[in-house]
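Protein chains in written order, with the working numbering: chain L, 438 to 777; chain H, 438 to 777; chain P, 438 to 777.
Okay, structure coming up:
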């Protein structure tokens, strides 16, 4: 799988600055590039590497102006990052051929319908009355319980657990160890101090083109549905409690937790280790910085929020800077008091 | 499975305000209710929905006084929330019939004893010298290692891992992906900068009626036992380190971590993403708000604690309010200094 | 398995203070010691228990001077903690005999090579072109995908998932439910608000003598490798994103998250629930206290860092103490203003 730079430029709609006939056979990071590799430069932080890289070629944006001589050939494209990911995709498709067929022993109840071109690994489990679309990949140790529906082209990686009644769309990817549709955490305190569990009779609905990270947990609704809208991207070890709704194209980074019945808008970006209380709403296009705690609804769309008890990020950073200076502030105050 | 409102009122010990012969066949949320459904109103935040719901009936508390005309029939009971959960339980029992029998292939060492009416799913694994009570449910991809004891009616959901020597009581529910009894995190630094691992030869004891959430990890003790006392309810992705003790009826929400040898009292409520250091004690009836860090013992029972370095919640909120005003405070201080 | 105190003293290179012929058959915690048990005292916090313990013997350090009469026999060694862990190890080796052989049904593609004395549990899965060294333990429900290399003596506990192309060294221990080598979280925003996923074509390399905790996730690199250097010890539910490098002998406690492309030095100690942003470097020998957020590189080795936005721990604690006093400070300021 060797390509000339000319061929690659054609694929990307760009043009070569140098010898079009040079060949590459590998994608490299610019800072680790070696002969025969092609890298990219999209973030100016990495610009110094382009003057020393050993990669044969580097993809850059149209407006890139080198500050000194370059050891590599350039391919100029409209957007270097997008161009490179296009190459990555092509590479991934060539190398990671999707598996098909059934490995034994596997388990599938006879009441379940399985589409064409599916893969069912050894030790995969499919319960009663399930329906899997075409080209669904069910890896080893996946358990799909009863009454589950899964759309075309969805990939369930090894060890994914899909509980009773879950509905998963097309073109989704659920990574290893994720648990979809387990009981929500609901208990009623009793007079004697014990807790009675509230039956969780709802389900989880995951729409099309959703990605769910490894070991993430998405609980079923008490009643109704916990819903992940189409295009949402959820990282590893995210907790999504019962009856939560995650909006279209919202991105949630690792170790964030969202409590019961909270509704997150669309196109939000939520960083890692964020905690959001239950029963609130987050407006569309909200950005929440890492480790933020959110205890009430965010009503105005498009804000960036940060802090232990989340507020506008500029305000928080200002207060935090002064927090660092509190010892000096206290000293000044004491001085002022003495002078009185 | 259709019931008249009269039948439901009888089950709940309540009374119908309207036509006792109307029939319902589904439990609905009040805000999403449709004809043929029955909802409930327990939290006044949801009261507006009762004036517009399309549900056939709504369960309310005895003292509920509507502020305008209602589109639905009422069933009045002593406690609307408890009444509804009673219905939920009945519904759940009717719909989620417990599985029994053995699906193949499954694995069970001949030295282990299995009680009556157990379910052992395909790909479930039971090692040597285990003892399972009656009506234990062992779902797909559950692994029970050697010398494990499990009490009657306990449910191990798909993918649960129970390590060597664990003891689990009756009527427990362990959700998918939870790991019970893996080695605690113990290493001794050596002079050359490497670490020697400390063998973890203890176990985990989980008493009766405990719930453990999906992908939660409860490590075995270095020596002795990590103990979860009866009635404790633990949410998803909670970390419980070696030699921790969780008191009776204590509730712990998602993504909280408790470090080694810490002892938590009974009837505590610990919210999500809390971190508690090792080797301390938390008094009975302590409430800890979300994201709190606890670095020393809490000796007085019944407190509510909050903050990055946990303190009394009212105190923390007061300080945090001023933290938000630090820019103004700094300005005032500068003015005062100028005037001097 | 009974030993005299004389025999134990010989093993530990220590000496008995009392009757060398007393026998013990069990390791006990000093505070829970019973006749026939041997405990240890290394932390002075536990000293009160030595005056009341029922254990037959206690291991203490050479310089321990009792403050009153002791109910037990002493074995004096250079370092009581190390001495005791030596005993623990011997005990663990005697009791936890490693399993060997193949339980059925198990799955192993014929293209994979398996070393001598390996254990492959029922329902373990090994894909194509893998290479396992000697004495590797593959427990139940472990999935090893294609092109994986695993070194001698490594233990993969139940439910571990090793993805395509991962390389794992010798003498490693990967605990239950850990996911090694799943796709990193990389998406490019598109003009219509959706996200295109960036193929993750790199892998994970884990060097020798690494420990990985239960349900921890270590993502593969976008390109190149995510690397865990030799001797690193990683606790439960730690998130390690794509292209991260963890230095030699670095210890990371539970629920910490490290974002993409960050490089952690060697011999660092990172406590629980820490969050570290992407694309930064942490110097060697850095200590980071629990719940700290790190948003920029730490360049000077050997510092201890703490705080919501991490800084020097002494500075943070000083500021936080004043934070607690903010209500009083605000009052003083108001008084001063009035007086003007």
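Ideal Cβ placement from N, Cα and C applies to all residues, glycine included.
Owing to the predicted nature of the structure, the values given are computational and were not obtained by experimental measurement.
By the DSSP assignment, the beta strand (DSSP E) with residue i in it spans what residues?
i	result
residue 633(H)	632-634
residue 656(P)	654-656
residue 618(L)	616-619
residue 681(H)	Note, residue 681(H): premise wrong, no beta strand (DSSP E); not H, not E.
residue 452(P)	452-454
residue 626(P)	624-626
Where does residue i fall in DSSP's three states?
i	result
residue 676(P)	strand
residue 670(L)	strand
residue 717(P)	coil
residue 766(H)	helix
residue 560(P)	coil
residue 487(P)	helix
residue 477(L)	strand
residue 523(H)	helix
residue 733(H)	coil
residue 773(P)	helix
residue 529(L)	helix
residue 494(P)	strand
So, are the CB atoms of residue i and residue j less than 7 angstroms apart?
i	j	result
residue 722(L)	residue 630(P)	no
residue 680(L)	residue 697(L)	yes
residue 635(P)	residue 441(L)	no
residue 470(H)	residue 616(L)	no
residue 628(P)	residue 600(P)	no
residue 517(L)	residue 569(L)	no
residue 462(L)	residue 455(L)	no
residue 655(L)	residue 682(L)	no
residue 750(L)	residue 725(L)	no
residue 647(L)	residue 619(L)	no
residue 587(H)	residue 605(H)	yes
residue 596(L)	residue 737(P)	no
residue 684(H)	residue 666(H)	yes
residue 748(P)	residue 757(L)	no
How many Å lie between residue i and residue j at the Cα?
i	j	result
residue 541(P)	residue 585(P)	22 angstroms
residue 658(H)	residue 560(H)	28 angstroms
residue 571(H)	residue 653(H)	25 angstroms
residue 728(H)	residue 730(L)	7 angstroms
residue 594(L)	residue 487(P)	52 angstroms
residue 468(P)	residue 494(P)	12 angstroms
residue 623(L)	residue 526(H)	12 angstroms
residue 744(H)	residue 753(H)	6 angstroms
residue 577(H)	residue 714(H)	35 angstroms
residue 836(L)	residue 567(P)	Here chain L covers residues 438 to 777 and nothing more, so residue 836(L) does not appear.
residue 483(P)	residue 710(H)	30 angstroms
residue 692(L)	residue 513(L)	38 angstroms
residue 765(P)	residue 734(P)	35 angstroms
residue 642(H)	residue 451(P)	35 angstroms
residue 609(P)	residue 590(P)	7 angstroms
residue 603(H)	residue 663(H)	10 angstroms
residue 774(H)	residue 761(L)	20 angstroms
For the alpha helix (DSSP H) holding residue i, just list the boundary residues, first then last.
i	result
residue 761(P)	750-761
residue 447(L)	442-449
Confirm the yes/no value for this check: CB of residue i, any heavy atom of the ligand FAD, distance under 6 angstroms.
i	result
residue 636(P)	The ligand FAD is absent from the structure shown, which contains no ligand whatsoever.
Kindly list, in the order they appear in chain A, the residues whose Cβ is closer than 7 angstroms to that of residue i.
i	result
residue 570(L)	Here the protein chains are L, H and P, and chain A is not one of them.
(message) To be precise: take each residue of the stretch 578-602 of chain L, compare its Cβ to all Cβ atoms of chain H, and keep it if any distance is under 8 angstroms. Which residues remain?
(response) 578, 580, 582, 596, 598, 600, 601
(message) Output needed in chain order: residues of the stretch 740-770 of chain H with a Cβ under 9 angstroms from some Cβ in chain L.
(response) 744, 745, 754, 757, 760, 761, 762, 763, 764, 766, 767, 770
(request) Determine which residues of the stretch 483-505 of chain H have a Cβ less than 7 angstroms from any Cβ of chain P, and write them out in chain order. (result) none
(request) Identify each residue in the stretch 696-723 of chain H for which the Cβ-Cβ distance to at least one residue of chain L is less than 7 angstroms, and report them in chain order. (result) 704, 709, 710
(request) Give, in chain order, every residue of the stretch 530-558 of chain L whose Cβ lies closer than 8 angstroms to some Cβ of chain H. (result) 542, 544
(request) Compile a chain-ordered list of the residues in the stretch 614-625 of chain L whose CB is closer than 8 angstroms to at least one CB of chain H. (result) 614, 616, 619, 620, 622, 624, 625
(message) Under 8 angstroms, CB to CB, which of the residues in the stretch 664-687 of chain L have a partner in chain H?
(response) 674, 676, 678
(request) Could you please tell me which residues of the stretch 452-463 of chain H, in chain order, have their CB closer than 7 angstroms to any CB of chain L? (result) none
(request) Return the residues of the stretch 637-659 of chain L that lie within a Cβ-Cβ distance of less than 8 angstroms from chain P, sorted by chain order. (result) 646, 648, 650, 651, 652
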